[in-house]
Every structure is written in C-alpha cells, then in structure tokens.
Amino acid sequence: MNFFERGILKRITTESSKNTASRFEIITTASLIPEKVGEEYVKAFAQLDVHDVGVLNICSREQANALENSERVKAADVIIFTGGDQLRLSSIFGGTAIHQILLEKYAHEPIVIAGTSAGAAASSKNMIYQGSSKDALLKGEVKITGGLGFIDGVIVDTHFVQRGRIGRLLYATASNPGILGIGLGEDTGLYISGGNTMEAIGSGMVILVDGRNMADTNLTDVEMGQPVSISNMTVHTMSDGDVYDLATHKLTIHHPKSISIG
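Per the numbering used here, the very first residue in the sequence shown carries number 1; after that it's consecutive.
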C-alpha cells in the first residue's frame with residue numbers, strides 16, 4: 001500500500017468520530033484476492049495505531065443478509081469498500097440487510113463510508129460498470145446501472161486520467177444531464193461531508209463534468225455503435241484543497257501560499 005493510500009487512511013481515521021479508537025470494517029467483496037487485500041489494510045491501519053479492524057469478505061446475498069454480518073456493520077464507525085469489480089458490490093449488496101443498515105447509518109449517524117476504485121464507483125446512486133475508453137462515445141458502449149446510493153446526483157469513474165476515461169464520463173452525463181460526472185485521477189480522492197461538500201485530496205486531479213447546461217445531443221437519434229455528439233458540456237478540474245458544493249454547483253479553488261526562496 002503506497003504512501004498516498006496510507007495518507008487517505010489517516011484522513012479517514014481523523015474524520016471518524018472516535019479517531020484511532022473507532023471500529024473499522026474492510027469489505028473486500030469486489031476483489032478477486034480478498035484475503036491479501038484485507039491483510040494489507042489491517043497492516044496499514046496498524047501503522048496508524050488503529051487496531052480494531054475487521055475484514056468482511058461477503059461473497060453472496062445470503063451472507064449480506066446474515067445477522068452476524070449485519071451486526072458487525074451496525075457496530076462499525078468506519079466502512080471501507082476495496083477495489084475490484086463494482087458490479088459485484090451492487091449485485092451482492094443491493095437491497096440486502098447490510099445495504100439498508102449502511103443507508104440508514106449514513107443518513108442518521110456519524111459514520112465514515114469510504115471506497116477505493118470499484119468501491120468509489122459503487123458509492124453513487126448511478127454507476128458505470130463497463131465500457132472501453134476507446135469506444136466510449138459510441139452509442140451503447142458504456143454500461144450504467146444502479147450503485148449503492150450513498151451519494152445522490154453524481155456518477156463516479158475511477159482511474160480516470162491514467163486510463164483516459166473522459167469519454168465514458170461524457171457519455172454517462174449526456175445520458176442523464178441532471179447528474180454530475182466525477183472522474184477520480186490516480187493518487188486522488190474526494191472527501192464528502194454533509195452530503196453536499198466535496199473536497200479534493202491527494203497529488204492528482206479530479207475532473208467534473210456538469211451536464212445541466214448541455215445544449216444538445218444526438219444520443220437518442222443515432223443507431224447503436226454510432227458516434228454520439230454532445231454540445232456545451234461544462235468541465236471543471238479540481239486539485240488538492242479545492243471544494244465543490246453539490247447544492248450550489250460552485251467550485252472554490254484553493255490557492256496555496258507562495259513559497260519564497262532566497
């Protein structure tokens with residue numbers, strides 16, 4: 001686990017109501033190597049003096065409805081969904097007891113819910129689960145379904161800059177201009193508080209695609225597999241310390257103090 005990821009875990013710990021005394025549950029459902037991923041998180045948190053860390057590798061809807069697992073989620077102060085395949089998260093957890101517990105805790109209790117890669121992609125109400133970067137602006141190439149719904153009004157894509165996924169986000173936003181497209185670059189995250197305020201953290205960038213002022217698209221007119229045209233999309237870029245308000249749609253850019261040398 002690299003320096004940035006440890007930095008993110010430190011921020012998660014700081015934001016938790018009980019700090020290092022918090023109860024953490026790492027949900028490795030999305031991963032193909034859940035045991036290894038879980039061990040890495042336990043070791044990383046130990047370096048931050050956090051030791052009350054459990055790993056939940058829930059592989060079926062039966063397990064997502066099991067009382068024992070539900071009680072562990074109820075008792076947690078922090079939940080982290082790891083990377084992997086976001087469709088596993090939505091198909092295994094959607095509508096289950098654990099999903100309902102998390103929605104209620106997020107709405108009414110001081111819980112921290114975090115996700116990396118697939119975990120971040122599944123956090124929103126709408127979720128991209130498939131689509132090549134190269135062909136993303138061909139009709140039908142980007143596949144969208146419902147996510148876990150912790151954040152409404154957005155759709156999240158990850159590994160955004162490295163894998164050139166701007167086309168996926170443009171297509172997703174054009175198909176529903178009322179949602180805000182969020183593209184997370186490498187070594188970058190968003191801290192969302194109060195359900196509305198998003199702060200960029202990390203060394204990379206976040207790309208926002210706002211379709212509310214989209215003028216036109218031929219998405220409904222062209223045949224499957226044909227190129228899609230979109231006009232007048234608004235694009236913002238965010239870096240560490242910038243804040244975006246989902247309620248007012250206002251981006252506040254952080255201006256670091258200049259460093260004088262000599």
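Glycine included, each C-beta is placed from N, C-alpha and C at the ideal position.
- Fewer than three beta-carbon pairs drawn from the segment 45–52 and the segment 103–116 are found closer than 8 Å, and the two stretches are therefore not classed as touching.
- Considering only Gly-119, Leu-246, Arg-163, the residue with the shortest C-alpha distance to Gly-181 is Leu-246.
- DSSP places His-236 inside the beta strand (DSSP E), whose first and last residues are 234–238.
- Under the three-state reduction of DSSP, Gln-162 is assigned to coil, being neither helix nor strand.
- Annotated as proximal: Ala-118 and Gln-86, with beta-carbon spacing under 9 Å.
- Within the segment 83–168, complete alpha helix (DSSP H) segments of at least 4 residues are found at 86–93, 97–108, 118–121, given in chain order.
- Rounded to the nearest whole angstrom, the CA to CA distance from Gln-130 to Ala-172 is 11 Å.
- In this model, Asp-240 and Ala-66 are separated by some 40 Å (Cα to Cα).
- Non-local C-beta neighbours of Gly-185 in its own chain, meaning closer than 6 Å and more than five positions away in sequence, comprise Phe-160, Val-161, Gly-204, Met-205, ordered along the chain.
- If you compare the alpha carbons of Tyr-41, Ala-200, Asn-196 with that of Gly-189, the shortest gap goes to Ala-200.
- By the 16-neighbour rule on beta-carbons within 10 angstroms, Asn-213 is exposed.
- When the alpha-carbon of Gly-211 is set against those of Val-235, Thr-96, Gly-194, Tyr-191, the nearest one is in Val-235.
- Unbroken beta strand (DSSP E) runs of no fewer than 3 residues, entirely contained in the segment 167–205, are found at 180–184, 188–193, 197–202, following chain order.
- Straight-line spacing of the CA atoms in Ala-122 and Leu-137 works out to 22 Å.
- Closest by C-alpha distance to Ser-31, out of Ser-16, Gly-84, Asn-69, is Gly-84.
- The bridge partners DSSP lists for Phe-81 are Ile-27, Gly-115.
- Scanning the segment 43–80 from its first residue to its last, the whole alpha helix (DSSP H) runs of 4-plus residues come out as 61–65, 67–75.
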